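Enquirer:
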Amino acid sequence: MFIVTYRYKLPPDKIKEYIAIEQEATQIYLEHGCQGVEIYRDSEDPRYWMEINKFLDRKHYDSVIAKVDEDPRIAPLFEELKRLLEKGVTPEKATYLRML
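Count along the sequence shown starting at 1, add 691, and that's the number in the working numbering.
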């Protein structure tokens with residue numbers, strides 16, 4: 692299993708919009724082969740959110756992302772997401788391999 696995480700900082704008044712964007716984006720990722728998407732809110736600070744995207748391996752990730760990037764629905768969603776983020780804050784991306 693190969694996962695990609697994104698960590699976002701969102702103003703509290705933008706949460707409903709964020710969830711709506713994530714629901715649409717998740718559908719696109721799943722249509723193109725992503726194995727699952729999970730969204731979590733920080734238990735201490737509700738401004739912080741984490742997205743986890745699951746793939747079989749790195750090769751599968753590269754294949755799915757290539758298809759997602761070509762999908763005309765994803766770019767407008769990404770632009771909407773960027774608009775929601777707190778000023779000056781960019782998403783933090785990390786990748787992990789499942790070991791157990």
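All C-beta atoms, glycine included, are put in the ideal place defined by N, C-alpha and C.
Model, not experiment: these values are computed from the prediction.
May I ask you to list the residues that DSSP assigns as paired with Leu788?
Expert: According to DSSP, which records beta bridges pairwise, Leu788 is partnered with Phe693.
Enquirer: Would the beta-carbon of Lys784 fall within 9 angstroms of that of Val728?
Expert: No, the Cβ-Cβ distance between Lys784 and Val728 is not below 9 angstroms.
Enquirer: Please state whether the Cβ-Cβ distance between Val780 and His723 is less than 9 angstroms.
Expert: Result no, Cβ atoms of Val780 and His723 do not sit closer than 9 angstroms.
Enquirer: Looking at Met741 and Tyr787, is the spacing between their C-beta atoms short of 9 angstroms?
Expert: Against a cut-off of 9 angstroms, the Cβ pair of Met741 and Tyr787 comes out as no contact.
Enquirer: Only counting runs of 3 or more residues, tell me where the beta strand (DSSP E) segments fall wholly within the region 712 to 740, in order along the chain.
Expert: The qualifying runs are 727 to 732.
Enquirer: Helix, strand or coil: which one does DSSP assign to Lys778?
Expert: Three-state result, Lys778: coil.
Enquirer: State the beta-bridge partners of Phe746 as determined by DSSP.
Expert: In the DSSP output, where bridge partners are listed per residue, Phe746 has Phe693.
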